[in-house]
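Enquirer: Residue numbers (UniProt numbering): 1 to 324.
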Ligand SMILES: Cc1cc2nc3c(=O)[nH]c(=O)nc-3n(C[C@H](O)[C@H](O)[C@H](O)COP(=O)(O)OP(=O)(O)OC[C@H]3O[C@@H](n4cnc5c(N)ncnc54)[C@H](O)[C@@H]3O)c2cc1C
């Protein structure tokens, strides 16, 4: 499966390091807002002007050194200050592994607490993104501990997990983003077919819209979006109880159209030099985006290690697939 090739590429540490060195390549600039905070604030301003709020993700992967985790924490603190100083409509999304969950739980908790505390002073929301299955329970533990002191924290429910139904019921008083789930997970923990995942996605969204706090419906799937629009109308769910979310650069016309129709809309804005894993996961979800890569890899100006290695790897995998 092409999806597996991209998931494999997303976990390649050599390519991740090369990508950091060479800047946005391979078409990533269409789905990553920039490599620094100034460029990102400019992108947020443009979206805000169209009635769209933003959740900002300072990209980071494979953090196994304390120094790197502290650097990530400090960058996120800078983003919080920058959002406040520039008066833009945005909040933060972050991944626990980026600030040290794979290094030490208590170290990660201290970093996270500092971030949540800084944001709480500006009444800014912090969303804890959910990663692969092994990180789900420790991430919930972090959140439960933070909720004893703070209320500006929310998280993500991944519909492909069997445990999602229990998780959403336990956390109905939180602002939750509900998604299908981005990682490759085994049948031991997760639904495998599109039909099962979509059915659970809809059930979880409906549950949280009826019984939960605020719901962020994060999908590019127009079938799901159309279903939600009909459901909120039939059940008279007020507009202020939910929003739609999509990733930066995806289905821009639909993002604008939903905002123009009066729905709350929030765009997930990733930025930073650690863009590679994020970009490969997007290709895994939608291999049609491969034409973005093809154009860049075979463009002479992009004659970099990252372009050549990823291109060779991809071609190798694709041609070996064709031979079978
Ligand atoms: C804001 C946001 C935050 C997220 N946070 C997390 C997280 O914390 N953890 C996590 O595991 N995952 C997260 N995800 C990823 C999510 O789990 C899915 O992997 C991802 O959104 C792809 O699924 P989908 O629902 O968008 O639709 P898909 O299942 O990818 O697509 C369904 C159908 O929608 C249509 N479609 C989709 N994309 C397009 C397009 N670009 N153009 C035209 N038609 C299209 C097609 O008809 C397609 O067949 C997040 C996603 C979003 C949008």
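All C-beta atoms in this analysis are idealised placements derived from N, C-alpha and C, irrespective of residue type, glycine included.
1) Which residues does DSSP list as the beta-bridge partners of residue 246?
2) Counting C-beta neighbours from all protein chains within 10 Å, is the total for residue 359 16 or more, i.e. buried, or is it exposed?
3) Closer than 8 Å to a non-hydrogen atom of ligand 1 - does that hold for the CB of residue 247?
4) Could you name each continuous beta strand (DSSP E) segment of 3 residues or more that falls completely within the stretch 129-167, going from the start of the chain to the end?
5) Would you call residue 98 buried or exposed, if buried means 16 or more other Cβ atoms sit within 10 Å of its Cβ?
6) Since residue 176 and residue 216 are thought to touch, with beta carbons under 8 Å apart, how far apart are those beta carbons, to the nearest angstrom?
7) The alpha helix (DSSP H) that contains residue 182, what's its start and end?
8) How about residue 95 and residue 129: are their beta carbons less than 9 Å apart?
9) Can you tell me where the alpha helix (DSSP H) with residue 347 in it begins and where it stops?
10) Helix, strand or coil, according to DSSP, for residue 202 in the structure here?
11) Would you give the residue range spanned by the beta strand (DSSP E) that residue 94 belongs to?
12) Are the Cβ atoms of residue 200 and residue 156 separated by less than 9 Å?
13) Three Cβ pairs or more, each shorter than 8 Å: is that satisfied between the stretch 33-44 and the stretch 251-261?
14) Quick one: what does DSSP say residue 176 is sitting in, helix, strand or coil?
15) What whole-angstrom Cβ distance do residue 267 and residue 47 have, given they're in contact under 8 Å?
16) Keeping to the same chain, check which residues put their C-beta closer than 8 Å to that of residue 63; ignore five residues upstream and five downstream.
17) Considering only DSSP beta bridges, list what residue 127 is partnered with.
18) Taking 8 Å as the cut-off, is the C-beta of residue 137 nearer than that to any heavy atom in ligand 1?
19) Does the separation of the CB atoms of residue 58 and residue 212 fall below 9 Å?
20) Any idea if residue 65 is buried or exposed, counting beta-carbon neighbours within 10 angstroms, 16 or more meaning buried?
21) Taking contact to mean at least 3 C-beta pairs separated by less than 8 Å, is the stretch 170-186 in contact with the stretch 228-239?
22) From residue 80 to residue 153, what does the alpha carbon distance come to, in whole angstroms?
23) Alpha carbons only, please: which of 55, 204 and 106 is nearest the one belonging to residue 227?
24) How many angstroms separate the CA atom of residue 45 from the CA atom of residue 252?
25) Smallest Cα separation from residue 262: which of 123, 53, 34 and 29?
26) Can you tell me whether residue 149 is buried or exposed, with buried defined as 16 or more other CB within 10 angstroms of its CB?
Expert: Looking at the atomic coordinates:
1) Bridge partners of residue 246: 267.
2) Residue numbering for the chain in the displayed model covers 1 to 324; residue 359 lies beyond these limits and cannot be assessed.
3) yes
4) Those beta strand (DSSP E) runs which fall completely within the stretch 129-167 and span 3+ residues are 153-158.
5) By the neighbour-count criterion, in which a residue is buried when 16 or more other Cβ atoms sit within 10 angstroms of its Cβ, residue 98 is buried.
6) 7 Å
7) Residue 182 -> no alpha helix (DSSP H), and no H or E assigned at all.
8) yes
9) Outside the modelled stretch of the chain, which goes from 1 to 324, sits residue 347, for which no answer is possible.
10) If DSSP states are grouped into helix, strand and coil, residue 202 belongs with the helices.
11) 90-94 is the extent of the beta strand (DSSP E) around residue 94.
12) no
13) The stretch 33-44 and the stretch 251-261 do not touch, with fewer than 3 CB-CB distances between them shorter than 8 Å.
14) In this structure, residue 176 counts as strand in the three-state DSSP scheme.
15) 5 Å
16) 69, 72, 97, 98, 99, 100, 102 and 103
17) 93 and 154
18) no
19) No. Outside cutoff.
20) exposed
21) no
22) 14 Å
23) 204
24) 15 Å
25) 53
26) exposed
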